[in-house]
Amino acid sequence: MSKRNDALQLAMTDFVHDSRQPSFVYNSLFLIYSAAKAVKPDWTPVDYHYMGRLWMAVLGSLTVVALWRLGAKFDDNGNKIGLGSALLLAVVPLHTACSRYIKEDAPFALMVTLTVLAMVASLREPSRMKWMLVGLVGGLTFSTKYAGVVLLAPVLLAFVVSMRRTERGIPAAIVDLTALAGAFTLGFFIVSPIYLFHPEKFVAGFLFQSRYSVAGHDGIVIDPWQHWWTYYIRNGLIPGMTWPVFLLSVAGLGLLARMREGWIVSVTAVWLYIIFEHARAKPLPFPARYLMPLTPLLSLAAGVALVELAAALKQKLAAPLVYAVCGLLFIAPPLVKSLLISDEALNDTRIIAGEWMEQNIPLGARIVVTEDATGLPVSTFWRTRWQVEDRDKSLDTSWAGDAPPYFVFSSFKFQRYLDSPDSAPERTAFYRKVMSDFALLKEFRPRWFTYGKHSPVIRIYKPGNERSPNSGQRRPVESDQPL
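According to the working numbering, the residues represented by the sequence shown are 14 to 496, in order.
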């Protein structure tokens, strides 16, 4: 919501926005919102919010198209690799889920895919203009998310390899590199011109992200060695792609490395994984969204492996049977999971919990929350119907007066502290105390599973021993029962 609000107010703030990320999301939303406002001046913030989500979905769809074109570079026979890769990306849960959030992740994935596409084209037919195109798209990537700076490593590697292949002299290489750097700078400022006038905001934002990656998220530090560099594999790639597609992608990285210029895709994918895994800040409750720029590259690798597997099976089975088997094994699992995620979004626990609260919690009651409203039950009456108290800072479980409060918790917040009790002990102690000393009045669980930013487990606590009867909408549990 904050990005939506900032985009709506950009003209009134001289296009100055929150500097924790560069300008692509803010400026692109501003352009879309301005056009919508001219046609629909009576739109509400909710309307603009859905328009923003639609824009993210459009960018996600464009990533599928870009991956199709990238896959075509590695297949001279009917573009089977491009089509297979694009189909896989279109159905994997991580991409479908993240392509509807108003965040930098969906446009970042598109820009990374375009940068890799430009690198492959430049390696095959190098020229100064093509390397300038690589620099331009790289600058757009950096202006979409500060993490895009890590793409400079594979870009420079590809540039050096190209210079060695063409045996260009040092003076020509310096000119080409200067042109690449100039195009990179131009690409950055085309999207984020505000930093020409406020360079201090760029410095502040970039330093913030650098410190954040080291300091952790909400005080929780997840070091790569704690999980033997597999945290994002187990918590991001496998659930976000499903086991069959993930295994295909691992096999495909090796196959890509043996293809002409395919090595740059494999190197970039591995490099991005190392960078993301190395960062100690993994943004709960959905750290997997940081892997969005990696997902198209892994989908391409999976597409390569899928085409190779289908070709091998065709030597023994009829083509229709091969397509049916491959579809059942590799397309159906991520597609079914993506459909379940969509169904979960339509039956979000926050919606159901909000409706239950309006019917069962008395008007004027005190309600304690410990997070922003995005993770809590949906209700239009929070501030007018009840006395809402935010204890995100004090974390005090006591109350004053005769009316004890209701504590409303979301697993988007409390679960991170229960899973990492030593990272923020005072917060962990707060949640544990409420869960042990207060009665669990009601709990709402997802229909299928919690994924992305939908359907957290919602718990409502109240002092006393009596619990309200179960309405049958969600399975009730005791307050000490693990999630």
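Backbone N, C-alpha and C fix where the C-beta goes; we use that ideal spot for every residue, glycine too.
From a predicted model like this one, the values you see are computed outputs, not experimental measurements.
Taking all protein chains shown into account, Thr243 has fewer than 16 neighbouring C-beta atoms within 10 Å of its C-beta and is therefore exposed.
Cβ contact annotation for Gly65 (same chain, cutoff 6 angstroms, sequence separation greater than five): Arg17, Leu42 and Ile115, in chain order. In terms of CA proximity to Asp19, Tyr39 leads the group Asp27, Tyr39 and Val421. For the pair Ser423 and Gly377, the CB atoms are not nearer than the 7 angstroms cut-off. DSSP places Glu402 in the uninterrupted beta strand (DSSP E) bounded by Gln400 to Asp403.
Contact annotation: Ile94 and Gly340 have beta-carbon atoms that are not nearer than 7 angstroms. If you check the CB distance, Met132 and Ala171 come in under 7 angstroms. The three-state secondary structure of Leu454, taken from DSSP, is strand.
Using a Cβ-Cβ distance cut-off of 8 angstroms, the segment 394-413 and the segment 197-207 are not in contact, since fewer than three pairs of beta carbons, one from each stretch, lie closer than that value. Annotation: His230 to Gly91 spans about 46 angstroms, alpha carbon to alpha carbon. Three or more Cβ pairs closer than 8 angstroms define a contact, and the segment 55-75 meets that threshold against the segment 113-130.
Residue state for Tyr444 is assigned as helix, using DSSP reduced to three classes. Under the 10 Å beta carbon count, Pro58 is surrounded by fewer than 16 other beta carbons and is classified as exposed. Around the beta-carbon of Pro139, 16 or more other beta-carbon atoms lie within 10 Å, marking it buried. Shortest Cα-Cα distance from Gln239 to any of Val470, Ser433, Gly465 and Glu456 involves Ser433.
Secondary-structure assignment with DSSP links Ser423 through a beta bridge to Ile471. Fewer than three Cβ pairs drawn from the segment 437-457 and the segment 286-293 lie within less than 8 angstroms of each other, which leaves the two stretches out of contact. Taking 7 angstroms as the cut-off, the Cβ atoms of Pro106 and Pro469 do not count as close. The DSSP-derived three-state label of Tyr430 is helix. Looking at the backbone, the Cα of Ala331 and that of Leu322 are separated by about 14 angstroms. By the 16-neighbour rule on beta-carbons within 10 angstroms, Ile183 is exposed.
Here Gln34 is buried, its C-beta having at least 16 other C-beta atoms within 10 Å. The beta carbons of Leu127 and Gly200 sit no closer together than 7 angstroms. A direct Cα-Cα distance of roughly 35 angstroms separates Pro309 from Ala51. Under the criterion of beta carbons closer than 8 angstroms, Ile471 and Pro390 qualify as touching, at roughly 6 angstroms. Between Gly275 and Phe87, the CB-CB gap stays under 7 angstroms.
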